[in-house]
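Trainee:
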Amino acid sequence: GVHGHYSSPPLALQSVPSTPIGSGMPMRPNGRHKCLIIGINYTGSRAQLRGCINDAKNMQGLLRRNGYPDDGSHMLLLTDERNRGREYQPNKEMITKAFAWLMKDVRKGDVLFFHFSGHGGQQRDTTGMEVDGYNETLIPVDYDRKGQISDDVLWGSLVYRLPEGARITALMDMCHSGTGLDLPYDYNVDTRSWTEDINPAHSAGDVVLFSGCEDAQTSADVAGAGRQAGGAMTQAFMGAYNTCNNDAATYHEFLTAVKKELRKKKFSQRPQLTSSQRFDAKSRVFALGYASGGCGGGGGSIPSVIEPNHNPKIGRMKRQNIRRQRHGLGGGGGNNFFGMMAGAAGAALFADALF
C-alpha cells in the first residue's frame, strides 16, 4: 500500500543535468496518465460551500474525455459526500496518502493532473522565504482538528518529487491559490514574460499550475439562475477548454481564453499561470492529456510535449530574508480563513466567497 507520511526535501541545493531554455528536445509522453481530483463542500460546517463537488465531478468528466482512464490505478476522486467510503474522504490523512499515490512509481513520460476545489487559507511564514510573509494553504475537511496543508508541503510532496521528463498540470480553485504550489516562475499574459520568485523553489520536472486568483484575492463560488454552483476558475477553465474549437491553442492563448471566460461571467479575479520551468508560452501547445486535437478534442492527433529541465540547481534558494509585513484586513493577506470564521460576518461572507 501507499503510506501517507510526508518527509521534507533535503535543505541543500543540488546540481542536476539541465539544458538552456530553447535548446534540448521537448520530451514525449509515454501514454501513461494519472490524476487526483479533490472537491470539498465542508458540508454541515460554518464554512460550507456549494459547488466544489460539482467542480470535481465536472473535471473528472473532462479528464475522462481526454485520455485519463477511469479506474483505481489511474484516477482518484476525493469528495466529502456522505455516501462515499472513508478512504475517499478529503481529510488531511487521506489527502496526504493521495499525494503519495499520485507520485508512486512516477517516471519519465508520465502525464499527471491535480485538481483541488475548496477552501484555501494562509499561515504566517516564519522562515523569511515568502514575499508576502505568508504560506498559502489547502484546507482539508478536518481542518478544525488536524490543521491545514501548506504550500511548502504541496511543493515537497508533488513538485520536488517529480522527475525530469514527467509532467503535472494542476488547477487550484480557491482563495490565495496564486502561488499554491510554490512554483518559481509566474507568467504575465500582458508582457508575455516570466518573473522569478525572489526566493525560488526549483525542481527538475515539468509542473504548471493554473490558479483562481492572485494571493490577495478571493475566488468566487458561483451559482446563478440556471447555473450549477461551482468555483469560478474551474468553470472558466472548462469553458475555455471546450471553446478552443479544436485549434491547437498555446498556453498563452489558453490563459487568455480563461481570462475571457471569467470576464464574460463578470468575475474580477485574474487567472494565474505559474510553472516549475520557463518555456515559450506563445508557441507551446496546451493539452490535458498526452495528445491534443486542440482544446476539447479528446484524443486528438497532436502529441503534447513535456518541457525538459532548465534549472541547473534544484531545491529552495534563499536570496533574501523577507521581513514579515503587517497586513490590514482590507489588504488581502490578513483576511485568512480562520480570521473570517471568527467574525460574525463570516457566515454571510461564506455564502459569496470561496476561501
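44 is the number of the first residue of the sequence shown in our numbering; add one for each residue after it. We put the beta carbon where it would ideally sit given N, CA and C, even for glycine.
1. Do Leu331 and Leu56 count as a contact pair if the criterion is CB distance below 8 Å?
2. Taking the C-alpha atoms as reference points, what is the distance between Gly211 and Leu201?
3. Using three-state DSSP, classify Thr139 as helix, strand or coil.
4. Helix, strand or coil, according to DSSP, for Arg188 in the structure here?
5. Exposed or buried, Met276, counting other C-beta atoms within 10 Å across all chains shown (16 or more means buried)?
6. State yes or no: is the C-beta of Thr286 within less than 8 Å of the C-beta of Ala300?
7. The beta strand (DSSP E) spanning His158 covers which residue range?
8. I want to see whether chain D comes within less than 8 Å of Trp237, judged by CB atoms only; does it?
9. Between Arg188, Arg89, Met70, which lies nearest to Tyr333 when the distance is taken from Cα to Cα?
10. What whole-angstrom Cβ distance do Asp225 and Glu350 have, given they're in contact under 8 Å?
11. With a threshold of 6 Å on Cβ separation, who are the neighbours of Ile64 within its own chain once the five nearest residues in sequence on each side are excluded?
12. Do the CB positions of Pro227 and Arg150 come within less than 8 Å of each other?
13. Mind checking who Asp229 pairs with in its DSSP beta bridge?
14. Is Ser50 helix, strand or coil by DSSP?
15. Mind reading off the beta-carbon distance from Gly255 to Met215? Whole number of angstroms is fine, and I expect it under 8 Å.
16. Please classify Tyr49: is it buried, with 16 or more other beta-carbons within 10 angstroms of its beta-carbon, or exposed?
17. I believe Leu155 touches Cys78 by the beta-carbon criterion, under 8 Å. Please report the beta-carbon distance rounded to the nearest angstrom.
18. So what's Ile182 in DSSP terms, helix, strand or just coil?
19. With burial defined as no fewer than 16 other Cβ atoms inside 10 Å of the residue's Cβ, what is the status of Glu130: buried or exposed?
20. Which first and last residues belong to the beta strand (DSSP E) in which His76 is found?
21. Please report how far the alpha carbon of Asp113 lies from the alpha carbon of Ile192, in whole angstroms.
Mentor: Quick look at the numbers:
1. Working through the sequence shown from its first residue, we reach residue 56 at position 13. Working through the sequence shown from its first residue, we reach residue 331 at position 288. Not in contact: Leu56 and Leu331 (Cβ atoms no closer than 8 Å).
2. Here the question's residue 211 lines up with position 168 in the sequence shown. Here the question's residue 201 lines up with position 158 in the sequence shown. In the sequence as presented, Gly is not what sits at residue 211; that position holds Ile. Computed Cα separation, rounded: 9 Å.
3. Counting from 1 along the sequence shown, the entry for residue 139 is found at position 96. Residue state, collapsed to three classes: helix.
4. Here residue 188 refers to the residue found at position 145 when the sequence shown is read from its first residue. Correct three-state label for Arg188: helix.
5. For this step, residue 276 is matched to residue 233 along the sequence shown. Answer is buried; the Cβ neighbour count reaches 16.
6. For this step, residue 286 is matched to residue 243 along the sequence shown. For this step, residue 300 is matched to residue 257 along the sequence shown. A contact, by the Cβ cut-off of 8 Å.
7. Here residue 158 refers to the residue found at position 115 when the sequence shown is read from its first residue. Per DSSP, His158 belongs to the beta strand (DSSP E) from 154 to 160.
8. Included in the structure is just one protein chain, with no chain D present.
9. Residue numbering aside, residue 333 sits at position 290 when the sequence shown is read from its first letter. Comparing Cα-Cα distances from Tyr333 to each of Arg188, Arg89, Met70, the minimum goes to Met70.
10. Here residue 225 is taken as the residue at index 182 of the sequence shown, counted from 1. Here residue 350 is taken as the residue at index 307 of the sequence shown, counted from 1. So it is not a contact: roughly 18 Å between Cβ atoms.
11. Position 21 of the sequence shown, counting from 1, holds the residue named residue 64. Only Arg321, His353 meet the Cβ criterion.
12. Position 184 of the sequence shown holds residue 227. Position 107 of the sequence shown holds residue 150. Against a cut-off of 8 Å, the Cβ pair of Arg150 and Pro227 comes out as no contact.
13. For the purposes of this step, residue 229 is taken as the residue at position 186 of the sequence shown. The partner list for Asp229 (beta bridge, DSSP) reads Thr238, Thr317.
14. As a first step, residue 50 must be located in the sequence shown, where it is residue number 7. Correct three-state label for Ser50: coil.
15. Within the sequence shown, numbered from 1, the residue matching residue 255 stands at position 212. Within the sequence shown, numbered from 1, the residue matching residue 215 stands at position 172. Yes, Gly255 and Met215 are in contact; Cβ-Cβ is about 7 Å, under 8 Å.
16. In the sequence shown, the residue the question calls residue 49 occupies position 6. Burial call: exposed.
17. Your numbering for residue 155 matches position 112 in the sequence shown. Your numbering for residue 78 matches position 35 in the sequence shown. Right, the Cβ-Cβ distance comes to about 7 Å (below 8 Å), so this counts as a contact.
18. Counting from one through the sequence shown, the residue named residue 182 turns up at place 139. Ile182 falls in the coil class under three-state DSSP.
19. Reading the sequence shown from its first residue, position 87 is the one you call residue 130. By the 10 Å Cβ count, Glu130 comes out exposed.
20. As a first step, residue 76 must be located in the sequence shown, where it is residue number 33. From DSSP, the beta strand (DSSP E) with His76 extends over 76 to 82.
21. Here residue 113 corresponds to residue number 70 of the sequence shown, with the count starting at 1. Here residue 192 corresponds to residue number 149 of the sequence shown, with the count starting at 1. Roughly 27 Å separates the two Cα atoms.
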